Amino acid sequence: MQRYLTDRKRARGLGAARRGTHHHWQMMITSMLLVILVPAFAITFALGLGGSYEEVLAYYGRPLPALITLLTLVVVIFHLMQETIVAVEDYVHGIAGKLTIVAVTAASYTLMAAGIFAVAKLAL
Amino acid sequence: MADVNRGNRPLSPFMIGPYYRPQWTSMSSILVRITAIAALLAAILVVAWLLAAATSAEAFATVDGLLRSFLGDLILFGAAWAIFYHMLGRLRHVIWDFGYGLEVKTSERMAQGMVILATVLALFVALAF
Numbered sequence: 025m026q027r028y029l030t031d032r033k034r035a036r037g038l039g040a041a042r043r044g045t046h047h048h049w050q051m052m053i054t055s056m057l058l059v060i061l062v063p064a065f066a067i068t069f070a071l072g073l074g075g076s077y078e079e080v081l082a083y084y085g086r087p088l089p090a091l092i093t094l095l096t097l098v099v100v101i102f103h104l105m106q107e108t109i110v111a112v113e114d115y116v117h118g119i120a121g122k123l124t125i126v127a128v129t130a131a132s133y134t135l136m137a138a139g140i141f142a143v144a145k146l147a148l
Numbered sequence: 015m016a017d018v019n020r021g022n023r024p025l026s027p028f029m030i031g032p033y034y035r036p037q038w039t040s041m042s043s044i045l046v047r048i049t050a051i052a053a054l055l056a057a058i059l060v061v062a063w064l065l066a067a068a069t070s071a072e073a074f075a076t077v078d079g080l081l082r083s084f085l086g087d088l089i090l091f092g093a094a095w096a097i098f099y100h101m102l103g104r105l106r107h108v109i110w111d112f113g114y115g116l117e118v119k120t121s122e123r124m125a126q127g128m129v130i131l132a133t134v135l136a137l138f139v140a141l142a143f
């Protein structure tokens, strides 16, 4: 039997037109930033971890550790949020998918804000 | 609109198992995504540590003790490997996007390089600092 497919049904699940290229380019930009930020943060965090409470306070009072941590919190968490959202879009569909994307977005921005608050309080 | 091709389509890596043989290219690509999600979860620990340091000496002692325990060390090493692997996997995407390294052999070599280099970088950060 001939199956009837509407144009809409053929297009469903193939992704939105136009916005894809922008998203792709944004991911390319943050990917290139990772190459600098990830090693910088890994070394900074490894140097900070292991100190006493007073040493950690003093450490994040310095501009370089504080700035590298802040940039990582913004850029790397944003990148990882986008990665996770794309994974959700691929594997979780319908209302559950939409709500999962909202939850991932909310959790990621909360993480970002909490981290920025903490570093600001330590640094100032 | 073109008609939908209902048969004779290329297999997707989603069918790994009986239909699709695991390869360096597909496995390394899937791992890029898994490591991203793992790194996002690990970021919770880093932020918890920073928040604890910003809160009080007692809060810091609790979270710091957790992260510096044997289990904490293990989790942080895994997190370091994950974020380094993800970074390298994303760098491979950038290289591909600029039009280089698209041959299967080169892609496989880069996949193997990603695993080796991520391990070297994670060990370096864990041991040197």
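Protein chains in written order, with this note's numbering: chain A, 25 to 148; chain B, 15 to 143.
Yeah, the Cβ is synthetic: ideal placement off N, Cα and C, and Gly gets one too.
Please read all numbers here as calculations on a predicted model, not as lab measurements.
contact_flag[the segment 121-133 of chain A, the segment 34-43 of chain B] where n(CB pairs < 8 Å) is 3 or more
As far as the Cβ criterion goes, the segment 121-133 of chain A does not touch the segment 34-43 of chain B, which means the pair count is below three.
Here's the rule I'm using: 16 or more other beta-carbon atoms within 10 Å means buried, otherwise exposed. How should A:GLU78 be labelled?
It counts as exposed.
Could you check which residue in A:MET56, A:ILE53, A:VAL99, A:ARG43 has the C-alpha nearest to that of A:ILE140?
Of the candidates A:MET56, A:ILE53, A:VAL99, A:ARG43, the one whose C-alpha sits nearest the C-alpha of A:ILE140 is A:VAL99.
Mind checking if A:THR45 is an interface residue toward chain B, Cβ cutoff 8 Å exclusive?
Cβ-Cβ to chain B under 8 Å: no for A:THR45.
So if I threshold CB-CB distances at 8 Å, which residues from the segment 60-75 of chain A count as touching chain B?
Residues passing the 8 Å Cβ filter: VAL62, PRO63, ALA66, ILE67, PHE69, ALA70, LEU71, LEU73, GLY74.
Residues of chain A with a CB under 7 Å from the CB of B:PHE143: which are they?
Within 7 Å of the CB of B:PHE143, the CB atoms of chain A belong to ILE67, ALA70, LEU71, in sequence order along the chain.
Let me make sure I understand the geometry here. Which of B:THR49, B:ALA93, B:ALA75, B:ARG104 has the alpha-carbon closest to that of A:ILE53?
Nearest neighbour of A:ILE53 by Cα position, chosen from B:THR49, B:ALA93, B:ALA75, B:ARG104, turns out to be B:ARG104.
Chain A within 8 Å of B:ALA57, Cβ atoms only:
Under the Cβ distance rule, B:ALA57 counts among the residues neighbouring chain A, one pair being separated by less than 8 Å.
Nearest by alpha-carbon distance to A:PRO63: which of B:TYR114, B:LEU102, B:ARG47 is it?
Taking only the C-alpha atoms, the option nearest A:PRO63 is B:LEU102.
Examine the Cβ distances between the segment 42-55 of chain B and the segment 102-120 of chain A and report whether three or more of them are shorter than 8 Å.
With the cut-off at 8 Å, the segment 42-55 of chain B and the segment 102-120 of chain A touch.
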